[in-house]
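Q: Residues 1 to 66, numbered by our numbering, are exactly what the sequence shown covers, in order. The beta carbon of each residue, even a glycine, is placed where N, CA and C say it ideally should be. Can you keep this structure in mind? I'll have questions shortly.
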Amino acid sequence: MGVSKYGIKVSTSDQYDVLHRHALYLIIRMVCYDDGLGAGKSLLALKTTDASNEEYSLWVYQCHSL
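Set out below in structure tokens:
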């Protein structure tokens with residue numbers, strides 16, 4: 001996962017394939033938290049909208065590190 005001034009890019013662990021892109025201006029809220037299971041994994045939750053602001057989507061990603 002990479003963050004830039006344009007948005008967030010979600011890729012495979014080897015960073016070879018891009019799985020999804022989130023444009024920065026479409027991200028409404030982003031929350032990062034620990035999974036609470038002691039495995040040291042973090043969860044990143046995103047609330048996004050579409051370009052017409054009519055629908056919302058929730059995305060949850062498990063991260064190895066932040």
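Among D35, D34, I28 and T12, which one has its Cα closest to the Cα of N53?
A: Looking at the Cα atoms, I28 is the closest of the given residues.
Q: Look at the alpha carbon of V18 and the alpha carbon of G36, and state the distance between them as a whole number of angstroms.
A: About 28 Å.
Q: Kindly indicate the opening and closing residues of the beta strand (DSSP E) around Y56.
A: Unbroken beta strand (DSSP E) run through Y56: Y56 to C63.
Q: Give me, in chain order, the residues of the same chain whose beta-carbon lies closer than 8 Å to that of V10; leave out the 5 immediate sequence neighbours on both sides.
A: Closer than 8 Å at the Cβ level, and outside the excluded window around V10, lie M1, V18, L19, H20, R21, H22 and Y61.
Q: Using a Cβ-Cβ cutoff of less than 7 Å, which residues in the same chain neighbour K47 once the five nearest sequence positions on both sides are dropped?
A: Closer than 7 Å at Cβ, skipping near neighbours: I28, R29, Y56 and L58.
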